[in-house]
Amino acid sequence: MLLQQIINGLTVGGVYALIALGYTLVYGILELINFAHGEIYMIGAYLGFIFLGIFTASGLTQYSLILSLFLTFVMSIIVCSAYGFTIEKLAYKPLRNAPRLNPLISAIGVSIFLQNYVMLTQGATDKVFPHVIPVTKIEFSNVTMTTLQLFIIIVSLLLMTMLHLFIMKTKTGKAMRAVAQDKVMASLLGIDIDRIISVTFIIGSGLAAVAGLMVAMYYGLVNYSIGYIAGIKAFTAAVLGGIWSIPGAMVGGFLLGLIESLGASYLSSEYKDAYAFIVLILILLVKPTGLFGRSEGDKR
Amino acid sequence: MKKLIFMLWLSVLSMPFMGIKGGIYLFLGILASYGIYFLLVNIFGKINKPAIPVNIKFIFTALIAVSFIFPFLVKDYYTDVAILVCIYIILALGVNIVIGYSGLLHLGFAAFYGIGAYTNALLTTHFGFGFWSALPLTLIVTSVSGFLLAVPSFRLRGDYLAIVTLGFGEIIRLVLNNWDSVTRGPNGISNIPSPFILGFEISSLMSYYYLVLFFVFLAAFIVNRVHRSRTGRAWLSIREDETAAEAMGINTKKYKFMALTFGAFWAGLAGALFASKMHFVSPESFSFMESVFVVCMIILGGLGSIPGVILGSLILVLLPELLREFQSYRMLALGIGLVLMMIFRPQGLIRSKDA
């Protein structure tokens, strides 16, 4: 029972961690809670549903499942990244020097817009994700784990490691860290701030797309309203781990997933969604820098 | 050319969701609206600053005059809408104290509204209180909850406070939704009685309208007086620069307590009025969207400006009612509207004098 809940928690936690990375990157660079990020995740789930539907209809899935799944992932990541890129250019860039509340409200506007845009174009009812992926159960002693769960945990760990290496080893990653530390100084040193911000949004949205797709496969359902609550939880995960810390977002995501799944099974499942908020409020009041965060003095 | 590519980009982006046909229509739609805009600009010249040319004072005097005889002029349906507008004005005035004056971005105000409505509903249906005897208790409960929620605002600023208050709002909604033995969960509480004045039941739309109108005037008057007092100036100084305010000897903690308590007070009043108007409350009415909706009102009208808040509530409640047939598009428009507002006119329709 306990081990089972831990496995379930880790699965959901991996997804939270992937979304949390998008928050943490954007917050690190722009100091903006990108409320629309949860919506990007929801769009990722829908895109997976749409593209897989197209591939199945065109017969590609029957021909080669692996290829069509791979293409679904690739297409969703590309389109989601394009959405993230466009949103930044349209809704946040004009507000870069405005008071801090303005981009936040603009982000809420984008979030409302995207939710209703998807609802109007795709309908308000739950969409059933096609059951094309064969799921086998792996059992040891009395614990069951599906291949899908294993897949989600492995993919999320893999992507996080890749992102960590990207930030730490590549030139663009170095530039991102520089911009996060000091925008003015970075631009004086010849770093193209606009480009770095765009890259950040593209990476964050791509990760959210993967998260959305995996959740859609895991639960088998997509709905236009999943983005808001997942977004808030992922943000909690980011804050829990410490904002602008990639290992922090990973640990925060997994921890939050565990707290939720254990809380739901041992305390009360009705308040499942409330645990994230309670955790969030407690951390912000007790240790606002999170587990791995740096102290930023006056900024918060 | 650049604009054309941009339009093409947008329509390509929309294709997965709207289909290839839908994407092409969107492209043509954007192109056409841009063409019309281009023509209009060429004919009428550039739109100069979106200043409001008419005298605001005159409009408001007229509005107040009309508000007194409004129910006699229109059908019952519009009186009903007007009551809703009034309730939202009271709520928005409360939110305006916290966000507009003190600059604390609070995204969980629906919680206070909900606490007010539920306290009123429970006291009147379970404990046999009347509206008027329940009102002071309701206001005390909501004010105390506001007082308690001021604590996070000491350590957190800006968007962190926003997310904590959002969480608080969600927790309250979840409690209302799941605490079945008291709140009856998603079914809500029904049969909430109407208020009585001197033995007369205020149940007809017209009498309720006047009751709510009285509270709107009361709220606008008191909030305005407080805004111009020493307390109001202290709030403004916290909004402008908290560190400087503290350096000037303002007890920021005390004034944050006051702002949230006072703001929650009006939200509680709005909630109580809402409950006894609808005779029914359920958790759905107090969701996160409700908080955002009220924040939109004060941003649209103009943060920190009482005429602005009133105008914003008027517009945002009336528009969806008038555009019933486009109902599904109204949230879409609200989202775009918020973004455009932030980019082109962040100070709102009526700029506050001390902004």
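If you read the protein sequences in the order shown, they are chains A and B. Numbering (numbering that gives the first Met the number 0) for the first sequence: 0 to 299. Numbering (numbering that gives the first Met the number 0) for the second sequence: 0 to 354. Note that beta-carbon positions come from the ideal geometry of N, C-alpha and C, so glycine has one too. Predicted model, so just to flag it, every value in this text is computed and none were measured.
Separation of residue j from residue i, as counted between CA atoms
i	j	result
Ala-91(B)	Ile-297(B)	7 Å
Ile-137(A)	Val-14(A)	21 Å
Asn-186(B)	Ala-274(B)	14 Å
Ile-171(B)	Thr-55(A)	44 Å
Gln-114(A)	Tyr-223(A)	6 Å
Leu-51(A)	Trp-243(A)	34 Å
Gln-326(B)	Val-293(B)	18 Å
Tyr-24(B)	Met-14(B)	10 Å
Tyr-265(A)	Pro-306(B)	51 Å
Thr-135(A)	Leu-59(A)	22 Å
Glu-30(A)	Asn-96(A)	12 Å
Ile-280(A)	Leu-165(B)	10 Å
Phe-26(B)	His-125(B)	58 Å
Phe-343(B)	Phe-279(B)	40 Å
Arg-299(A)	Val-238(A)	In this prediction, Arg-299(A) has a pLDDT of 35, which is less than 50 and means its spatial position is unreliable; nothing more can be read from the coordinates.
Ile-195(A)	Ile-111(A)	26 Å
Ile-221(B)	Gly-311(B)	19 Å
Ile-39(A)	Asp-125(A)	17 Å
Phe-69(A)	Ser-63(A)	10 Å
Ala-263(B)	Gly-145(B)	5 Å
Phe-150(A)	Met-144(A)	10 Å
Phe-71(B)	Leu-217(B)	22 Å
Arg-176(A)	Leu-187(A)	15 Å
Asp-297(A)	Leu-39(B)	Residue placement at Asp-297(A) cannot be trusted, given a pLDDT of 40 that sits under 50; the coordinates are not used to answer.
Thr-10(A)	Ile-65(A)	21 Å
Ala-67(A)	Val-73(A)	Correcting the residue identity first, residue 67(A) is Ser in this sequence and not Ala. Near 10 Å, if we compare the C-alpha coordinates of Val-73(A) and Ser-67(A).
Val-78(A)	Leu-290(A)	33 Å
Residues of its chain near residue i, where Cβ-Cβ distance is below 6 Å and the 5 sequence neighbours each way are ignored
i	result
Ser-260(A)	Gln-4, Asn-7 and Gly-8
Asp-75(B)	Leu-204
Leu-189(B)	Residue identity differs from the one stated: residue 189(B) is Ser in this sequence, not Leu. Around Ser-189(B): Phe-279.
Val-285(A)	none
Contact with chain A by residue i, beta-carbon distance below 7 Å
i	result
Gly-334(B)	yes
Met-283(B)	Met is not the amino acid found at residue 283(B); the sequence shown has Glu there. It does not; no Cβ of chain A falls within 7 Å.
Gly-166(B)	yes
Phe-16(B)	yes
Pro-319(B)	no
Val-97(B)	no
Leu-337(B)	yes
Met-296(B)	no
Leu-197(B)	no
Val-308(B)	no
Met-330(B)	yes
Val-291(B)	yes
Glu-169(B)	yes
Met-341(B)	yes
Among the options, the one whose alpha carbon lies nearest that of residue i
i	options	result
Ser-290(B)	Gly-22(B), Val-97(B), Asp-79(B) and Leu-72(B)	Val-97(B)
Met-167(A)	Gly-241(A), Gly-108(A) and Pro-246(A)	Pro-246(A)
Arg-232(B)	Leu-165(B), Asn-250(B) and Leu-173(B)	Asn-250(B)
Pro-287(A)	Thr-235(A), Glu-269(A), Phe-253(A) and Ala-273(A)	Thr-235(A)
Tyr-22(A)	Gly-256(A), Ile-282(A), Gly-252(A) and Ile-277(A)	Gly-252(A)
Pro-151(B)	Val-225(B), Ser-193(B) and His-105(B)	His-105(B)
Arg-224(B)	Phe-261(B), Arg-183(B) and Phe-59(B)	Phe-261(B)
Ile-225(A)	Met-118(A), Ile-32(A) and Ala-263(A)	Met-118(A)
Met-0(A)	Gly-240(A), Ser-140(A), Ala-177(A) and Ile-190(A)	Ser-140(A)
Cutoff 7 Å: residue i Cβ touching any chain B Cβ
i	result
Gly-226(A)	no
Leu-283(A)	yes
Gly-296(A)	Because the pLDDT at Gly-296(A) is just 44, under 50, the model does not fix this residue reliably, and the point stays unresolved.
Arg-299(A)	Bear in mind that the predicted position of Arg-299(A) carries a pLDDT of just 35, short of 50, making it unreliable; the figure below should be weighed with that in mind. Interface residue, yes.
Phe-54(A)	no
Sequence-distant residues of the same chain with beta carbon closer than 7 Å to residue i, five excluded per side
i	result
Leu-30(B)	Met-6
Met-257(B)	Thr-230
Ser-75(A)	Gly-43, Leu-46, Gly-47, Phe-50, Ala-208 and Leu-212
Phe-167(B)	Gly-107, Ala-110 and Leu-148
Residues near residue i by beta carbon distance below 8 Å, same chain, minus five either side
i	result
Ala-244(B)	Ala-233, Ser-236, Ile-237 and Thr-251
Ile-191(B)	Asn-119, Ala-120, Thr-123, Thr-124, Ala-274, Ser-275, Met-277, His-278, Phe-279 and Val-280
Val-278(A)	Thr-235, Leu-239, Leu-255 and Ile-258
Leu-337(B)	Cys-295 and Ile-298
At a Cβ cut of 8 Å, what residues of the region 78 to 110 of chain A count as close to chain B, listed as they run along the chain? Val-78, Ala-81, Tyr-82, Thr-85, Leu-89, Ala-90, Pro-93, Leu-94, Ala-97, Pro-98, Arg-99, Leu-100, Asn-101, Pro-102, Leu-103, Ile-104, Ser-105, Ile-107, Gly-108, Val-109 and Ser-110
Scan the region 172 to 187 of chain B for residues whose Cβ lies nearer than 7 Å to a Cβ of chain A and list them as they occur along the chain. The residues in question are Leu-173 and Asn-177.
Listed from N- to C-terminal order along the chain, which residues in the region 110 to 138 of chain A have their beta-carbon within a distance smaller than 7 Å of any beta-carbon of chain B? Ile-111, Phe-112, Asn-115, Tyr-116, Val-117, Leu-119, Thr-120 and Gln-121
Taking any Cβ of chain B, which residues in the region 260 to 273 of chain A have a Cβ under 7 Å from it, in chain order? Glu-269, Tyr-270, Asp-272 and Ala-273
When you check each C-beta in the region 168 to 200 of chain A against every C-beta of chain B, which residues fall closer than 7 Å? none
Along the region 220 to 249 of chain A, what residues have a CB closer than 9 Å to any CB found in chain B? Tyr-227, Ile-228, Ile-231, Phe-234, Thr-235 and Val-238
Near-chain A residues of the region 131 to 161 of chain B (beta-carbon distance less than 7 Å), N- to C-terminal order: Pro-151, Arg-154, Leu-155, Arg-156, Gly-157, Asp-158, Tyr-159 and Ala-161
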